[in-house]
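Data block below; observations after.
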Amino acid sequence: MNVEEYWHMKACEAVEEHRSLIQQQRDEIERLQRRCNDLLHERSMMRAATAEDVRQFCVEYQRNQLQQHFAATAASSTISAGRLSAVSSVDSIPIYLLLQFLHQYSAGMVPMTENIRRKRSRETMNSVCGPKTVGQQRLVQRVVARRRLRMREDDTIEELQQEHGQQYDQCPCADVAR
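In terms of UniProt numbering, the sequence shown opens at residue 1 and continues consecutively.
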């Protein structure tokens with residue numbers, strides 16, 4: 001074997017190695033794309049399931065309200081000419097009930113109304129007179145957004161500390177028992 005054949009053989013080996021690496025990377029990319037598509041599909045199905053659960057809650061609530069309305073109407077008076085008047089309490093769901101359902105459904109991830117009111121009151125306490133120019137408005141918007149983010153982070157930290165605080169309160173008892 002001469003030098004030219006040796007280097008030609010090495011070049012062929014390098015080319016073949018690079019082809020195999022490229023093919024491995026292509027296979028990995030295809031696998032990741034399939035996984036990504038599967039996750040996107042799963043997320044859309046989860047959203048659809050959640051939307052269906054919220055819809056079901058609304059339908060059940062409205063059905064219960066209609067039954068109560070019919071019972072109250074039948075007990076108090078007769079229906080004139082077979083027609084019912086539209087009742088706003090039957091056609092709408094109070095926001096606090098919907099938020100309470102979402103809070104329970106999401107295992108606490110969706111906040112209850114009390115938290116929202118508390119955050120709003122903190123924001124309004126710190127607000128100043130309205131800005132005069134567009135630049136000032138944007139600056140105030142940024143400040144308010146940062147303040148909201150900090151409040152959310154603080155609330156999250158408080159919740160985590162409460163959760164971990166309860167766990168740490170239980171741990172010393174376990175250590176004493178050992």
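Every residue gets a Cβ at the ideal spot worked out from N, C-alpha and C, and that includes glycine.
Three Cβ pairs or more, each shorter than 8 Å: is that satisfied between the region 56–73 and the region 19–29? The region 56–73 vs the region 19–29: no contact.
Rounded separation between Q56 and D91 - CA only: One-based indexing of the sequence shown puts residue 56 at position 56. One-based indexing of the sequence shown puts residue 91 at position 91. Taking the straight line joining both Cα atoms gives about 15 Å.
Could you check what DSSP says for T156 in three-state terms: helix, strand or coil? To locate residue 156, count along the sequence shown from 1; it is residue 156. Per DSSP, reduced to three states, the secondary structure at T156 is helical.
For Q136, which residues in the same chain have their Cβ closer than 6 Å to its Cβ, ignoring the five residues on either side in sequence? Counted from its first residue, the sequence shown places residue 136 at position 136. Sequence-distant Cβ neighbours of Q136 in its own chain, meaning closer than 6 Å and more than five residues away, do not exist here.
Looking at the secondary structure, which residues open and close the alpha helix (DSSP H) in which V3 lies? Along the sequence shown, one-based indexing puts residue 3 at 3. For V3, the uninterrupted alpha helix (DSSP H) run begins and ends at V3 to S76, by DSSP.
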